[in-house]
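Below is one structure, written out as structure tokens; comments come after it.
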Amino acid sequence: MNEGRAVDLIWSEFLYRVLVREFKADFERFYQIPYQITVEIVADLSGAVTEKAPASVDDLTRDDAASVTALADQIGDPTLSSLVSSLNTAISTVSDIAKAATSTINSIVKPLNAVRARVQVLFTSVNNTVRSVTTLGGILPNNPISTNVGRILSQATAATQIPVLQQMDVTLGRMGKNLGNINAGTKTVTQAGGNLLRVSADEYGDAMGFTTLLAANGLTDPQLTGVNTIVVPPLNQTPNGVLNA
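Straight run, no breaks: the sequence shown in this note's numbering ends on number 331.
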């Protein structure tokens, strides 16, 4: 029993440490027991980084990626492992995540979402396996022993994978929130002709911030022609006029 002890409550991307105040069970069948719980939250463990582009976001992202990799190894699904590998590759190519342009952050978010989608597919699959039990262990009359043993083993494996997949989803959700906070506050301006040095001077107070505008808008030439809608992200680095490829 966990009387008086804080326990972790996990669903979707939420993770709370709670005290269970009340538990009510409806014993319909010995293998199907709907229940309700009332809890008191001790700590919210699912929050993302609240500061905009904090210096530690690189460490947080890489630490979470390492946790996701370890959890994926426990699942042993080749497709999931391949997607996690792609995510790690995307992260490794960015030298400074906290100062990255929106397009660069999106290069990480895309494989991250692919991993999370696979986690949801696997979670649904193993959850269905566990819920498909019609009798204890899935043992049915007149079934061969080998079939019954196979059912029991598959259900046991699925049951152990559920919390691992839940933790992966929590970690991936936190990574997504942290990455989303990096360029929070991005806005757009409409510019007729001119150049990005003038836009940078107006928006950042420093013309040398034009390289941030180049990266955010996928441009290589600061000179503008015609009417353009320019994406203006927060200036997350000291302006130096150097465009990092």
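Glycine included, each C-beta is placed from N, C-alpha and C at the ideal position.
Alpha-carbon to alpha-carbon, residue j and residue i
i: T175; j: M294; result: 31 Å
i: L157; j: V318; result: 37 Å
i: G236; j: G259; result: Unreliable placement is indicated for G236, whose pLDDT of 49 sits below 50; no coordinate value is reported for it.
i: A301; j: S189; result: 8 Å
i: P140; j: G262; result: Unreliable positioning characterises P140 in this predicted model, as indicated by a pLDDT of 43, which lies under 50. The coordinate reading is nonetheless provided below. Rounded to the nearest angstrom, the two C-alpha atoms are 15 Å apart.
i: T315; j: S181; result: 28 Å
i: L305; j: F296; result: 10 Å
i: A186; j: Q122; result: 45 Å
i: K138; j: I268; result: The predicted position of K138 is uncertain, since its pLDDT is 47 and thus under 50; no value can be drawn from it.
i: L146; j: P197; result: 17 Å
i: A278; j: G312; result: 6 Å
i: N199; j: V275; result: 29 Å
i: D163; j: S178; result: 22 Å
i: V125; j: F109; result: 9 Å
i: R284; j: N303; result: 15 Å
i: R148; j: T165; result: 21 Å
i: G280; j: D292; result: 16 Å
Residue i, enclosing beta strand (DSSP E) - first and last residue
i: N303; result: No beta strand (DSSP E) contains N303, which is instead part of the alpha helix (DSSP H) from F296 to N303.
i: K273; result: K273 to A278
i: Q122; result: Y121 to D130
i: T315; result: V313 to V318
Beta-carbon proximity of residue i to residue j, cut-off 7 Å
i: L173; j: V143; result: no
i: T334; j: V154; result: Since the first and last residues shown for the chain are 87 and 331, residue 334 lies out of range.
i: G96; j: Q252; result: Checking the displayed sequence, the identity of residue 96 turns out to be Ile instead of Gly. In this structure, Q252 lies closer than 7 Å to I96 by Cβ.
i: D94; j: R107; result: no
i: L381; j: L282; result: The displayed coordinates of the chain run from 87 to 331. Any statement about residue 381 would go beyond what the structure contains.
i: Q160; j: V212; result: no
i: P120; j: D130; result: no
i: A244; j: T210; result: no
i: A92; j: L105; result: yes
Boundaries of the alpha helix (DSSP H) in which residue i is found, first to last residue
i: V285; result: L282 to Y290
i: T175; result: P164 to S178
i: Q160; result: V143 to I161
Among the options, the one whose alpha carbon lies nearest that of residue i
i: A151; options: N281, I194, Q309 and I119; result: I194
i: Q206; options: E289, V250, I123 and I177; result: V250
i: P320; options: Q309, K273, Q277 and L305; result: K273
i: N192; options: T276, A287 and N264; result: N264
i: A287; options: P308, I268 and G304; result: P308
i: S167; options: L208, S178 and A186; result: L208
i: A203; options: I177, M254, S178 and T179; result: M254
i: G266; options: R284, F109, I183 and T179; result: I183
Any chain D beta carbon closer than 7 Å to residue i
i: V201; result: In the structure shown, chain D does not exist; there is a single protein chain.
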